[in-house]
Amino acid sequence: METTTNQSRQQNLTGILLMCAGVACLCINDGLAKSLMDHYSPIQIIFMRNIIALPFAVMLALKMGGRRALRSHRVGVHFLRGLIWITATVLFFTSIHLMGLAEATAIAFVAPLFITAISALFIAKVGWRRWAAVSIGFVGVLVIVRPGAASFELVSLLPVATAFTYALLMLSARFVDGRDSMWTLLLYLSATSAILTGSIVTFFWTPIRAEDIWLFIAIAMFGTAGMTMITQAFRVAEAPTVAPFDYTALIWATGLGWIFWGETPDALTFVGAAIITLSGLFIIFREKKVEAEG
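Final position of the sequence shown in this note's numbering is 643; the numbers increase by one with none missing.
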């Protein structure tokens, strides 16, 4: 019994470390995208990132899932998810280009609240406690965005739109064939994004400067590494254990924004981020409790 407990603790620790490392990689990915947005459109950045990462995604899928991971039983759903993913990424890249990295990241963390709200309306019953958490979380968004204040700008709604689109992406996984592994999902997300952006990238293309080539390679590597480690984290540990560590992105985003762009979020942004984070954590733990009771 003690051996089983120790093994479970070790798996949870491994999952937490993988989650934290994966989140850090994705935040660096976002920072690189913010730098590239000064010269390139988000469509071109997404295309380059996915076309560079695709061979690695294929090799990873083969290694982790075998040849079966290369085949999907419902390809059309993956193309729909790819379109949603591109939309979310374009919205987020545009938001971090026009806003502070930490501010945009904090607002985008209302995605779990959107997932809960959409699920309650169309998928499953949600109790009053989680509805209260959703409402409080959106109060956190209002604290950061401050509609009606002199400092309010419509661009601050972009991360909100990002969060809503990302929630749709997460919920769309329900329509993926159950025989498709998570490695198939990751591979097809990268492949469909490359195909869809590749079909229109000529309209947005800007010649790539020699000094930016390494940035495109880096964004592909960090993005792929981040998604892989986060996926592994959920494989080796319990979801309610590792999910809260997704919020470490706020620390990374704040640090990167301050070091490279001199961005310092104001006090209300920190207050709003705290409200959003606590609401999201409550929903995670509440869902765990509901599952345990059910």
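Note that beta-carbon positions come from the ideal geometry of N, C-alpha and C, so glycine has one too.
- Nearest neighbour of V591 by Cα position, chosen from G489, G431, L362, turns out to be L362.
- In the structure shown, the three-state DSSP call for T363 is helix.
- In the DSSP assignment, H446 falls within the unbroken alpha helix (DSSP H) covering 424-447.
- Take M397, set aside five residues on each side of it, and the residues of its chain with a beta-carbon closer than 6 angstroms to its own are F565, in chain order.
- Collapsing the DSSP output to three states places I633 in a helix.
- Around the beta carbon of H422, fewer than 16 other beta carbons lie within 10 angstroms, which makes this residue exposed.
- Nearest in C-alpha terms to T454, of all of V525, G489, R430, R479, is G489.
- Collapsing the DSSP output to three states places F552 in a helix.
- Judged by DSSP in its simplified three-state form, I400 adopts helix.
- In this structure, the straight-line span from the alpha carbon of L440 to that of G611 is close to 23 angstroms.
- DSSP places G527 outside any alpha helix (DSSP H), giving it a letter other than H or E.
- A straight line joining the alpha-carbon of S390 with that of I562 spans about 15 angstroms.
- Judged by DSSP secondary structure, G486 falls within the alpha helix (DSSP H) whose first and last residues are 477-494.
- Considering only A522, F609, E636, F458, the residue with the shortest C-alpha distance to V372 is F458.
- The criterion of a C-beta distance shorter than 7 angstroms is not satisfied by A437 and T551.
- 7 angstroms or more divides the Cβ of I633 from the Cβ of R479.
- The Cβ atoms of L518 and I433 sit closer than 7 angstroms to each other.
- Considering only F571, L447, F524, L536, the residue with the shortest C-alpha distance to R416 is L536.
- Note that the region 613-626 does not touch the region 374-389; fewer than 3 beta-carbon pairs, one per stretch, sit closer than 8 angstroms.
- Taking C-beta separations shorter than 7 angstroms and ignoring five residues to either side along the sequence, the partners of E452 in its chain run I493, P614, T618, following chain order.
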